[in-house]
Amino acid sequence: MERLLLTLLVFALFALGVYGMWRGWRRQARAQSVRIPPFPQRPADPGEPELEAAGLYAATTNAGHWQQRVVTRGAGLRGRATLRLYPGGVEVDRAGAPGFWIPRESITDVTTAKGMAGKVMGTASLLVFTWRVGDVELDTGFRGDDLGVYPQWINKVKGGAQV
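Positions 1 to 163 (UniProt numbering) are the ones given, in order, by the sequence shown.
Quick look at the structure:
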């Protein structure tokens with residue numbers, strides 16, 4: 001009987017912890033939805049993609065603060081994605097989550113990084129786009145399956161954006 005009570009207590013503490021994390025995530029999403037405008041949607045006809053890369057969408061964070069994950073509007077969910085560069089911007093097409101569009105004129109920088117929002121690698125294996133939506137500057141990280149295409153992405157994006 002004593003073991004059963006101890007097991008129930010541990011389970012209750014675990015459930016309370018999960019509930020607290022869920023509440024915190026929702027509270028953060030509500031607060032961010034006021035500060036961060038909705039992400040742009042992909043235009044109906046963006047043209048032909050100049051570059052395409054498959055990989056992992058790591059996160060979107062507040063620019064310069066690699067641990068401050070943006071969780072509003074589904075942006076906090078890490079998962080498989082395809083990145084496409086069009087003449088007008090970059091499409092982040094996420095599997096099982098809402099994708100979004102980064103207009104080329106809103107991109108302020110593109111670089112590589114070692115980590116973002118809990119995803120840390122030993123090398124600079126994240127492609128990071130710094131961009132503006134409204135008055136807010138964000139960093140969006142993507143880890144491509146082929147890291148060798150990063151210089152091509154950086155050159156193409158910086159060549160067409162006001163960086």
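Each residue gets a CB set at the ideal place from its N, CA and C atoms; glycine is no exception.
field: DSSP beta-bridge partners of G89
entry: Y86, P103
query: With which residues is D139 paired in a DSSP beta bridge?
result: T61, T130
message: Could you compute how far the alpha carbon of D145 sits from the alpha carbon of L127?
response: 11 Å
field: Neighbourhood of P98 by C-beta, 6 Å cutoff - its chain only, sequence neighbours within 5 removed
entry: G74
message: What does the alpha-carbon distance come out to for the pair V136 and L83?
response: 22 Å
message: Cutting at 6 Å between CB atoms, please list the residues of its own chain near E52, excluding the five before and the five after it.
response: R84
Coarse secondary structure for R78, derived from DSSP in three states: coil
message: Within a Cβ cutoff of 8 Å, which residues of the same chain sit near V120, ignoring the five residues on either side of it in sequence?
response: K114
- request: Out of T123, G141, D109, point me to the one whose CA is closest to G159's CA.
  value: D109
field: Inter-residue CB distance, residue 209 and F100 (contact presumed, cutoff 8 Å)
entry: No information on residue 209 is available, as it lies outside the stretch 1 to 163 that the chain covers here.
message: How far does the alpha helix (DSSP H) with L9 in it extend, from its first residue to its last?
response: 2–35
task: Please say whether Y150 and T112 have beta carbons closer to each other than 8 Å?
output: yes
- request: Would you identify the three-state DSSP class for R73, choosing helix, strand or coil?
  value: helix
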